[in-house]
Amino acid sequence: MRSYLAIFSGLHRVSRVLNPSRRKPPTKKKEKIRTTRTRTISNLSVRYRASYFLAAAILIGFVRSGQAGAAHYLSYAPARVELIGSLREHTFPGPPEFKSISGGDTPERQWILHLERPISVRAASSDELNYTVENAREVTLVVLSRYEHLPWKELLNKRVRVTGTLRSAFNAHHHTDLSLIAESIQRAP
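Note that the sequence shown covers residues 267 to 455 in my numbering.
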């Protein structure tokens, strides 16, 4: 039994014999010239050498930028931190179910700091309350009564710099992974 390829090549040869006008003119075989010269950076022209080095530099830049995003960990209280972001007011569902305001839950209004850059916070191994948080972009601001005189409401929806101590979320009233017990706030340039 002949394969389809054999049949096709046989038909092709027959069509050339029957139709001589479709026959290809004979071609001379080209001699292959072998050279010992190989392509290396040292024997390329200056233009090509520069493009190879540019491509390598760009590749190294991409690799290094991936490493530049490696997490720099902040610490929880008692360490003081300074965060920059946009201060916004959000309303979340509160007690009793913490699921839906339209379903009967009490609305909870909180100030959330939307960070310009994500932060990561590492908990100490002996810390039973806090846990490690990575790439957080939002932080709930907790304003103690002694700091209520600061211009919080005037700075809503503005770029601000807030100083305080960090805590991780530990109950249903916390709607972000991190809380900042704020001690000072000022408008950031």
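In this text, a Cβ means the ideal position worked out from N, Cα and C, and glycines have one as well.
>> Using C-beta distances below 6 angstroms, list every residue in its chain close to His441, excluding the 5 sequence neighbours before and after it, in chain order.
In response: Counted from its first residue, the sequence shown places residue 441 at position 175. Excluding positions up to five away in sequence, the list reads Phe358.
> Would Arg354 pass as a contact of Ile385 if the rule is Cβ separation under 7 angstroms?
Replying inline: Stepping through the sequence shown from its first residue, residue 354 is reached at position 88. Stepping through the sequence shown from its first residue, residue 385 is reached at position 119. Result no, Cβ atoms of Arg354 and Ile385 do not sit closer than 7 angstroms.
> What's the call for Asn423, buried or exposed, on a 16-neighbour Cβ count within 10 Å?
Replying inline: In the sequence shown, the residue the question calls residue 423 occupies position 157. Label assigned to Asn423: exposed.
> Buried or exposed: which applies to Gly430, given that a residue is buried once 16 or more other Cβ atoms fall within 10 Å of its Cβ?
Replying inline: If you number the sequence shown from 1, residue 430 lands on position 164. Buried, by the Cβ-count rule.
> With Ile447 and Val408 assumed to form a contact (beta carbons below 8 angstroms), what rounded beta-carbon distance in angstroms separates them?
Replying inline: The residue labelled residue 447 in the question sits at position 181 within the sequence shown. The residue labelled residue 408 in the question sits at position 142 within the sequence shown. Contact check for Ile447 and Val408: beta-carbon distance about 5 angstroms, within the 8 angstroms limit, so the pair qualifies.
> With a Cβ-Cβ cutoff of 7 angstroms, do Tyr342 and Asn396 count as a contact?
Replying inline: Taking the sequence shown and counting its residues from 1, one reaches residue 342 at position 76. Taking the sequence shown and counting its residues from 1, one reaches residue 396 at position 130. Yes, Cβ-Cβ distance for Tyr342 and Asn396 is below 7 angstroms.
> Assuming Arg425 contacts Ser352 under a Cβ cut-off of 8 angstroms, what Cβ separation, rounded to an integer in Å, is found between them?
Replying inline: Residue 425 sits at position 159 when you count from the first residue of the sequence shown. Residue 352 sits at position 86 when you count from the first residue of the sequence shown. The pair is a contact, with the Cβ atoms about 6 angstroms apart (cut-off 8 angstroms).
>> Does Arg406 pass the burial test, meaning 16 or more other C-beta atoms within 10 Å, or should it be called exposed?
In response: Taking the first residue of the sequence shown as position 1, residue 406 is located at position 140. Checking the sequence, you will find Thr at residue 406 rather than Arg. That one is buried.
> Run through DSSP, which three-state label would Tyr339 get?
Replying inline: To locate residue 339, count along the sequence shown from 1; it is residue 73. Tyr339 carries a strand assignment under DSSP once its states are collapsed to helix, strand and coil.
> Taking the DSSP output, what are the residues bridged to Gly370?
Replying inline: As a first step, residue 370 is located in the sequence shown; it is residue number 104 there, counting from the start. Answer is none; Gly370 lacks a bridge partner.
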